[in-house]
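Chemist: Taking the numbering used here, the leading residue of the sequence shown gets 3, the next gets one more, and so forth.
Have a look at this one before I ask anything.
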Amino acid sequence: MAKKTYIVELTSQERKELRQLINTGRTAAYKQRHARILLLADQGPDGPAIKDQDIVKALNCGRTAVERVRKRFVHEGLQQALLRHKSQRQYQRRLDGDGEAHLIALACSQPPQGFKRWTMRLLAERMVALEYVDSLSYQTVRRTLKKTNLSLG
Numbered sequence: 003m004a005k006k007t008y009i010v011e012l013t014s015q016e017r018k019e020l021r022q023l024i025n026t027g028r029t030a031a032y033k034q035r036h037a038r039i040l041l042l043a044d045q046g047p048d049g050p051a052i053k054d055q056d057i058v059k060a061l062n063c064g065r066t067a068v069e070r071v072r073k074r075f076v077h078e079g080l081q082q083a084l085l086r087h088k089s090q091r092q093y094q095r096r097l098d099g100d101g102e103a104h105l106i107a108l109a110c111s112q113p114p115q116g117f118k119r120w121t122m123r124l125l126a127e128r129m130v131a132l133e134y135v136d137s138l139s140y141q142t143v144r145r146t147l148k149k150t151n152l153s154l155g
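Laid out in structure tokens, this is it:
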């Protein structure tokens, strides 16, 4: 199955704006790289219409970066093609407010028999044993306790 190629056709105003962005030197490097990619990939009447593999060699960047910038220009426009793409990942929190409260209460209580103090791993195991959460990393315990400025020592 062949990959879909996105055709970049810049207007003279867009071309002028991209050249100005590159020449000022006061913008982020990734923005300048994206502007250069668009200028080289321009297949309009005044554009060089350079192939992706040649753009990769000329700008010393990845092939997927060139493809991504082309695609964003076609679908979202010039300004969005110049920006970095924000991650769409959504992280599921292991501990909500109630879970954090249980963890803090547990950390403030007496450690189990045979232990002098609570450890991060011991707290994580106890939270699972008490069925407050299905699973919990000791790093999550560490971050939560650090956020609340609670010291175990």
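Positions of the beta carbon are idealized from the N, C-alpha and C atoms, including for glycine.
Counting only the same chain and skipping the five closest in sequence on each side, list residues whose C-beta sits under 7 Å from that of I52.
Modeler: So the qualifying residues of the chain are L42, A43.
Chemist: Below 7 Å CB to CB, which residues in the same chain sit around S137 once its five sequence neighbours on both sides are set aside?
Modeler: If we look at S137 and ignore the five residues flanking it on each side, its Cβ neighbours are V130.
Chemist: Go through its chain and collect everything with a Cβ distance to R74's Cβ below 6 Å, but skip five positions before and after it.
Modeler: Around R74: Q82, A83.
Chemist: Got a sec? Which residues, its chain only, sit under 8 Å from P114 by beta carbon, not counting five neighbours each side?
Modeler: Around P114: L124, R128.
Chemist: Taking DSSP as the reference, what is the three-state secondary structure of V135?
Modeler: In this structure, V135 counts as coil in the three-state DSSP scheme.
Chemist: From T26 to R119, what distance separates their C-alpha atoms?
Modeler: So the alpha carbons of these two residues sit roughly 59 Å apart.
Chemist: Quick one, which of Q112, R72, A109 has its alpha-carbon nearest Q45's?
Modeler: Out of Q112, R72, A109, R72 has the C-alpha closest to the C-alpha of Q45.
Chemist: On the DSSP bridge list, what partners appear for V10?
Modeler: Bridge partners of V10: D44.
Chemist: Could you give the distance in angstroms between the alpha-carbon of R144 and the alpha-carbon of Q90?
Modeler: Roughly 26 Å separates the two Cα atoms.
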